[in-house]
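Protein sequences, first through last, are from chains A and F. Position in the first sequence (from 1) plus 55 gives the number in my numbering. Position in the second sequence (from 1) plus 3 gives the number in my numbering. All residues carry an ideal CB built from backbone N, CA and C; glycine is no exception. A quick note: this is a predicted structure, and the numbers were derived from the prediction, not measured. Remarks on the structure that follows.
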Amino acid sequence: MSLLTAVRNDMCYCPGCSHGLVLEQLAQAIARLALPPPRVCLVSDIGCIGTADRYFTCHTFHGLHGRSFTYAEGIQRVRPDVLTIVLVGDGGCGIGTAHLVHAARRGVPIKVIVCNNFNFGMTGGQHSPTTPADALTPTTPAGFHERPFDIAETARISGASFVARASAYDAGLPGLLERGLRAPGFALLEVWELCSAYFVQSNKLTPARLNELAARGGMPFGVLAEPPAGDARPAAPSSPADTGKAASDETVPQPRGPKLPWPGRREITLAGSAGQHIRTAVGALGEIAVACGLHAAEHDDYPITVRKGHSISNLVVDARPILFAGVEAPALVIIMSADGAARVGDLSHLPSSSQVIVASDLPPPATPATVHVVDLDAFARAATRAGVALALLAYGVVRAGWVESEALCAAADAVLSGRHRESNLSALRAGVAAAAAQSPACAASTAGGRHDP
Amino acid sequence: MREFITGNQAAVRGAIRAGCDYFAGYPITPASSILTEFVREFSNGSGIAVQTEDEIAAIGQCIGAAMAGARALTATSGPGMSLYSENIGLAQMGEVPLVIIDCQRLPPATGGATATGEGDVVFARHVTAGGFPLPVLAASDAASVYRLTYRAFDIAERLRTPVIVLSSKDIALTRQTVNLDLVELAPLTARRRHAGERTFRPYAVDRPADVPAFEPIGGATRVRFTGSIHDEDGLLTIDRARIARKLTHLREKVVANAALIEDVDADLDEKADTLIVSYGTADGAARDAVRRLRAAGEHISHLTLYSLWPIPEKALAAAAGGRMRRVIVPELNIGLYADELRRVVRGAAVESVVRYDGGLISPQALIEHFRDRNAEAVR
Ligand code: SF4
Ligand SMILES: [Mg+2]
């Protein structure tokens with residue numbers, strides 16, 4: 056049973072155009088596969104050939120110029136049992152080259168029929184990427200002087216499993232169409248055609264001259280790539296594996312911690328450099344807070360290259376739900392590096408109730424807040440280099456009197472999990488110990504004439 | 004269960020809760036973690052997640068997948084929205100149920116990848132040629148991104164249209180405390196399928212505001228899909244009556260169903276003569292400012308917009324009518340939505356509070372603006 060609703064001469068194409076001929080042969084090749092029409096989907100691109108969908112009785116999809124490959128891939132991945140055929144012109148292969156190349160590279164099992172007539176028929180015969188050398192078109196009045204785009208070869212080197220090129224007038228075309236449709240993986244058949252309205256008029260092209268053009272242009276007709284016999288090329292994974300598992304929006308239950316008393320909304324800014332584990336530290340404290348009944352919001356500030364430059368992480372913790380997740384006037388600012396200090400900038404607006412902890416190798420900031428100078432090396436000895444940020448955070452929140460040492464340690468012990476549990480725990484304990492014991496190793500000094508409480 | 008998750012994680016959870024089983028995307032800050040989360044979520048075979056060669060392929064695959072019956076989602080940022088433009092038009096014309104998340108960043112162009120900005124609020128509505136209405140929702144935090152992504156799927160299915168959910172860098176990447184179990188979600192409406200002996204006409208509707216029945220490509224019923232102007236059979240048409248019928252339908256199905264899309268939260272004080280209208284990241288600051296002002300004895304009303312398009316005119320009229328003198332609109336752009344509100348708010352002065360340097364509008368800034376009774380409306 057033919058999938059076509061019209062014969063060649065009743066189609067919309069100009070007399071002498073190759074499209075009708077190729078569509079009839081394509082429909083016959085599909086019919087030889089003996090698939091029921093609902094198992095076939097024709098995705099047509101744009102241009103004269105793009106109008107072909109209306110003549111087919113299978114599923115049809117007519118989309119945007121050059122994007123037919125992408126729709127076909129979406130359909131194919133959802134319905135791998137449906138033979139998905141792309142019908143595209145030379146223009147579509149030009150504007151959609153990236154999709155063609157990457158669909159071939161991914162081995163998406165779509166079957167691409169390219170109707171290459173060397174020009175844009177629908178828009179008036181302008182040159183296309185495949186226009187042959189010296190050809191005359193309205194946009195190449197002195198002849199085409201660019202290198203023509205070799206669609207079939209591009210598909211081949213991109214990994215297509217089956218690639219062939221033929222003339223629309225080649226007696227072997229029906230066989231090639233069928234082989235292309237039956238080939239596993241990504242298949243492409245480039246068919247050279249005549250556009251009787253434009254290209255033929257200016258370039259005296261005939262069916263016989265198509266063969267000469269192929270020979271002269273170094274683009275031979277025939278099969279360019281074929282899957283080895285008996286070796287079905289693995290197609291791109293498409294359908295969801297039938298595991299019977301439905302995706303779920305449930306997460307792994309997270310450990311709960313003991314209730315952590317907290318004085319109210321507190322904004323914390325931890326400012327350092329990439330590699331100082333700033334975001335990890337703030338994330339860990341946030342997780343502890345949330346698991347222990349508090350509310351938290353963390354937002355980060357870092358340049359586009361995450362391994363270089365400043366890294367700032369802001370954490371808001373409150374016993375009430377947090378409406379504004381940003382930071383207005385942090386009650387605790389920890390500055391671990393010059394990058395961080397530069398990004399945080401002026402701290403003269405901080406209220407005097409705020410605390411600033413600053414690494415001893417940095418100039419103490421001018422601020423009405425209380426400034427503690429700390430020796431990062433001493434913290435590193437107690438907490439390892441990677442743990443300094445978290446140790447400083449624990450040090451800061453305990454020193455500020457927002458949370459009891461024991462309560463914080465117990466909460467962390469109950470909540471922290473995963474690969475970094477032990478290192479995070481020991482960093483946090485080191486910070487707590489430094490705060491509680493005022494250990495000489497982490498001795499705090501004062502700046503700005505203010506004294507530690 | 005109380006969790007500490009980003010807006011992007013919440014978006015993925017909301018999508019999966021709504022039955023999303025196809026995701027295609029191209030990496031872009033601050034939307035990338037939606038892609039990586041989906042790859043992880045679907046690694047058990049419960050759905051398909053694809054990293055494509057570009058944004059055009061991402062939305063193209065989603066359109067193909069949706070028409071084959073998947074519940075499809077794609078996510079990007081402003082630059083990617085620009086590349087989605089033509090395909091969003093295709094999804095409108097072809098009546099594709101499709102959800103798009105735009106994690107906005109500082110615009111225009113490449114702008115600031117890691118800087119915040121919410122400048123796509125008008126662009127989202129007019130992202131494609133033709134001006135046909137497009138539902139646009141706007142999240143303000145992780146919990147609302149979860150709820151709105153879920154709702155977007157319902158709207159997309161019921162109206163067979165692309166639906167855009169706006170997020171932004173400071174929602175997408177900010178980790179917040181949420182309890183998704185407590186987020187109220189209405190049950191999803193089942194897809195209207197073709198029934199009866201009659202031949203399936205893929206775009207047939209009885210009245211302009213009706214929505215055509217959906218049959219998937221690959222199913223037993225033959226489907227014709229096209230982005231060209233078409234009749235109810237999905238065949239290209241040059242018949243003026245059919246063209247008018249189709250395009251009137253594209254407008255009417257959204258306009259007549261505006262109530263289905265409208266999503267606001269009104270927190271009104273009868274004695275107030277000032278209303279804050281907020282959406283997106285500025286909404287949290289507005290809530291905080293309102294709480295503090297009321298604690299100080301002030302009267303102020305607040306309207307949160309979770310749907311921006313169609314403009315929730317009913318809710319605005321109810322909140323901004325009567326004795327209201329001032330409508331304050333904080334935005335992380337040059338005052339785009341305030342301009343739109345000036346067309347619909349009568350009687351009260353619409354005052355813009357804007358910030359577009361990559362930082363957030365603080366509650367304090369809003370309080371100061373409120374207190375400055377003589378504040379001249381910015382613009
Ligand atoms: S313009 Fe060219 S390609 Fe188009 S129908 Fe006419 S002959 Fe065929
Ligand atoms: Mg052509």
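For this session: Using three-state DSSP, classify residue 363 of chain A as helix, strand or coil.
Result: coil
Problem set entry | CA nearest to the CA of residue 87 of chain A, picked from A:112, A:65, A:57 | A:57
For this session: For residue 181 of chain F, name the three-state secondary structure that DSSP assigns.
Result: strand
Problem set entry | Boundaries of the alpha helix (DSSP H) in which residue 124 of chain A is found, first to last residue | 123-133
Exercise. Taking one C-beta from the segment 68-88 of chain A and one from the segment 45-58 of chain F each time, how about it: are there three or more such pairs within less than 8 Å?
Worked result: no
For this session: Per DSSP, which residues does residue 312 of chain F bridge with? Please list them.
Result: F:139
Exercise. Residue ranges of each beta strand (DSSP E) run of no fewer than 3 residues wholly in the segment 209-287 of chain A, ordered along the chain?
Worked result: 217-222, 242-247, 277-280
For this session: Using alpha carbons as the reference points, say which of F:224, F:263, F:207 lies closest to residue 159 of chain F.
Result: F:263
Problem set entry | The alpha helix (DSSP H) enclosing residue 97 of chain A, as first and last residue numbers | Note, residue 97 of chain A: premise wrong, no alpha helix (DSSP H); beta strand (DSSP E) at 95-99.
Problem set entry | Residues near ligand 2, criterion Cβ-heavy atom distance below 6 Å | A:102, A:144, A:145, A:146, A:172, A:174, A:175, A:176, A:183
Problem set entry | Contact residues within the segment 214-234 of chain F, judged by C-beta distance below 7 Å to chain A | 220, 221, 222, 223, 225, 226, 227, 228, 229, 230, 231
For this session: Quick one: using the 10 Å Cβ neighbour count with 16 as the cut-off for buried, is residue 98 of chain F buried or exposed?
Result: buried
Problem set entry | residue 286 of chain F - containing alpha helix (DSSP H), residue span | 285-298
Problem set entry | As assigned by DSSP and simplified to three states, the class of residue 87 of chain F | helix
For this session: Look at residue 176 of chain A and residue 150 of chain A and say whether their C-beta atoms are less than 8 Å apart.
Result: no
Problem set entry | Reduced DSSP category for residue 464 of chain A - H, G, I as helix; E, B as strand; rest coil | helix
Problem set entry | Euclidean distance between Cα positions of residue 172 of chain F and residue 375 of chain A | 24 Å
Exercise. Of the residues A:468, A:317, A:362, which one's Cα is nearest the Cα of residue 328 of chain A?
Worked result: A:362
Exercise. Could you give the distance in angstroms between the alpha-carbon of residue 85 of chain A and the alpha-carbon of residue 65 of chain A?
Worked result: 20 Å
Exercise. What is the residue span of the beta strand (DSSP E) that residue 331 of chain A lies within?
Worked result: Looking at the DSSP string, residue 331 of chain A is not in any beta strand (DSSP E), and its letter there is neither H nor E.
Exercise. What residues of chain A sit near residue 25 of chain F, judged by a beta carbon separation below 7 Å?
Worked result: 133
Problem set entry | Length of the line joining the Cα atoms of residue 332 of chain F and residue 130 of chain F | 23 Å
Problem set entry | Cβ distance (whole Å) where residue 79 of chain F is taken to contact residue 19 of chain F below 8 Å | Actually they do not touch by this definition, with Cβ atoms about 19 Å apart.
For this session: Return the first residue and the last residue of the beta strand (DSSP E) that residue 79 of chain F is part of.
Result: 75-79
Exercise. Mind checking if residue 365 of chain F is an interface residue toward chain A, Cβ cutoff 8 Å exclusive?
Worked result: yes
Exercise. Using DSSP with H/G/I as helix, E/B as strand and the rest coil, what is residue 134 of chain F?
Worked result: coil
Problem set entry | Presumed contact (8 Å Cβ cut-off) between residue 392 of chain A and residue 414 of chain A, rounded CB distance | 7 Å
Exercise. So is the beta-carbon of residue 515 of chain A under 7 Å away from any non-hydrogen atom of ligand 1?
Worked result: Coverage of chain A is limited to positions 56 through 508, which leaves residue 515 of chain A absent and any answer about it impossible.
Problem set entry | Selected residue, minimal CA-CA separation from residue 228 of chain A, among A:246, A:318, A:325, A:214 | A:246
Exercise. How many Å lie between residue 132 of chain A and residue 65 of chain F at the Cα?
Worked result: 10 Å
Problem set entry | CA-to-CA distance, residue 85 of chain F to residue 181 of chain A, given in whole angstroms | 27 Å
Exercise. Can you name the residues that DSSP bridges to residue 171 of chain A?
Worked result: A:247
For this session: List the residues of chain B whose Cβ lies closer than 7 Å to the Cβ of residue 96 of chain A, in chain order.
Result: In summary, chain B is missing from the structure at hand, where the protein chains are A and F.
Exercise. Cβ of residue 253 of chain A within 7 Å of any heavy atom in ligand 1?
Worked result: yes
Exercise. Who are the Cβ neighbours of residue 318 of chain A in its own chain at under 7 Å, not counting the five residues just before and after it?
Worked result: 457
Exercise. Do you know offhand how far residue 77 of chain F's Cα is from residue 208 of chain A's?
Worked result: 32 Å
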